[in-house]
Every structure is written in structure tokens, then in C-alpha cells.
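Accompanying notes for the structure given below.
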Amino acid sequence: AQSVAQPEDQVNVAEGNPLTVKCTYSVSGNPYLFWYVQYPNRGLQFLLKYITGDNLVKGSYGFEAEFNKSQTSFHLKKPSALVSDSALYFCAVRGGSQGNLIFGKGTKLSVKP
Amino acid sequence: EAGVAQSPRYKIIEKRQSVAFWCNPISGHATLYWYQQILGQGPKLLIQFQNNGVVDDSQLPKDRFSAERLKGVDSTLKIQPAKLEDSAVYLCASSLLGQGSGANVLTFGAGSRLTVL
Chain U
39 AQSVAQPEDQ
49 VNVAEGNPLT
59 VKCTYSVSGN
69 PYLFWYVQYP
79 NRGLQFLLKY
89 ITGDNLVKGS
99 YGFEAEFNKS
109 QTSFHLKKPS
119 ALVSDSALYF
129 CAVRGGSQGN
139 LIFGKGTKLS
149 VKP
Chain A
1018 EAGVAQSPRY
1028 KIIEKRQSVA
1038 FWCNPISGHA
1048 TLYWYQQILG
1058 QGPKLLIQFQ
1068 NNGVVDDSQL
1078 PKDRFSAERL
1088 KGVDSTLKIQ
1098 PAKLEDSAVY
1108 LCASSLLGQG
1118 SGANVLTFGA
1128 GSRLTVL
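For the protein sequence lines, the chains are U and A, in the order given.
Quick note, this note's numbering runs 38 ahead of the 1-based positions in the first sequence.
Quick note, this note's numbering runs 1017 ahead of the 1-based positions in the second sequence.
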């Protein structure tokens, strides 16, 4: 069975500092990995995905994520956090081209001025 | 491009009452999903349609939940009778269908927040 874990309920960073939101996964077969962001009272918005190729994936709003097969991780990163990045971040995984998209429980990112 | 439309945005009902949610996906998106997001948890898939056929409804509580997508476009999710534990945000999403569809991105609507008292 496939699963995804986001070990941190909340991440706090100061504006201008780098941020990392952690995600680990478990699937059979090649993973398709996604990050979504959810602002209050809004639906989930796509940030980036890894399907194949370069392990470093760049996405929207300056975010990037690194796929690490040996550690089964797909951590979300940004070199310099903004207050406007404060939101709920979800990691999701699908095992191959079929199967459902399974979401983690989410990590609340809080960026303080 | 218009997004995924959902209504109503908010609904408050008493337990044992019924409720229906409507979703209109992005034009041309063959695949439509209904997710349930309980506070503090990630979205959980309830049902997936491909055109007007059901692909996966294994996690849909069929004794009280039903969904349809009659013409392969918009969809309705119904709960009857509602229980307290059904309080959640119901998210509709859509995606393209095609080669490598596993890589296709889901586009979500804003959600319908249900409170069952």
C-alpha cells in the first residue's frame, strides 16, 4: 500500500530565511510525487511535481523540491521565505501511472516578519 | 481558463438530514474526483469518475454517500442521512485524461464546508 508522511505539524521560519517542509513516501513502483499548497478557505493549488528525470524540481513561487530515492523523501524547499508563504502544505504520492493520489496530513508553515 | 466551480461554499445541517454538493470541472477535463478533508487531515479520495463512469469508489461510504456524473461533465455528491463525523470540507478536483495520466495535475475547487450539528 502506498503512503506519505509529513512528520512536522508546523514549521516556523523567519522571513528571509530558508525553509524546508519534509515529506517521505512509500509506494510500490516508481513514485509520482506532488506538492500542493492550501491558503485559508481556498482549494489546494499545485506547486510542483516529480515524475522522472532531474532529482531537483522547480515549481511555482520560487519553491523547489528534491527527490531522494534512497531516503524515499521529497522535501519542499525555498531559499528565502516570505510572509505570504504562510499556508498549509500537502505532499502527495501516486504509485506509477495508475492508482490514487494519496495526501499527507499537511504541514502548517508560518513565516514571521 | 475558468477553474473548478463548487457550490454551496458552506452548509450547516442537523444530523440525519440530507445535503448535496455540486461541482463543475474545468472544460475538457475527463476525470473528476471528490475528496473529503477533515480538519487536521489531508484530503481523502471518496470517488473518481472518468467521463461518466466510476473508476474508484472503494472509500465511499455507500450506505449514506452517493455521487453521479450523468453527462460526463458536472457532478453531484449527496449525503443522506448525515452523521456528525461527516463534518468536513468536500473538495472537487478535475484532471485531463491521456497518456501518462498518472502525471496529470489535479485542479481543485475551493471546496464545500459541511457542518453537521
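Idealized CB from N, CA, C, for every residue including glycine.
Note that the structure is predicted; figures quoted are calculated from it, not measured.
Asked	Found
Would you mind working out which of A/Q1065, A/L1123 and A/A1105 sits nearest A/T1093, comparing C-alpha positions?	A/Q1065
Would U/G97 count as contacting chain A if we go by Cβ distances under 8 Å?	no
Identify the residues that DSSP records as bridge partners of A/E1085: which are they?	A/T1093
Residues in its own chain within less than 6 Å of A/D1098 by CB, not counting five upstream and five downstream?	According to the sequence as given, residue 1098 of chain A is Pro; it is not Asp. The answer, listed in chain order, is R1033.
Any residues in the region 56-78 of chain U with a beta carbon nearer than 7 Å to a beta carbon of chain A? Which ones, in chain order?	Y70
Taking C-beta pairs closer than 8 Å, name the residues in chain U that A/P1042 reaches, listed in chain order.	Going along chain U, no residue has its Cβ under 8 Å from A/P1042, so there is no contact; the nearest lies around 12 Å.
Roughly how many angstroms lie between the CA atoms of A/D1074 and A/D1080, to the nearest whole one?	12 Å
Does the Cβ of A/L1077 have 16 or more other Cβ atoms within 10 Å, making it buried, or fewer, making it exposed?	buried
Quick check on the burial criterion: 16 or more other C-beta atoms within 10 angstroms. Buried or exposed for A/A1105?	buried
Tell me which residue opens and which closes the beta strand (DSSP E) that U/P69 is part of.	P69 to Q76
Between the region 120-131 of chain U and the region 64-80 of chain U, can you find at least three pairs of beta-carbon atoms closer than 8 Å?	yes
Using the C-alpha atoms, what's the distance from A/L1123 back to U/G47?	The sequence shown places Asp at residue 47 of chain U, not Gly. Straight-line Cα distance between these residues: approximately 24 Å.
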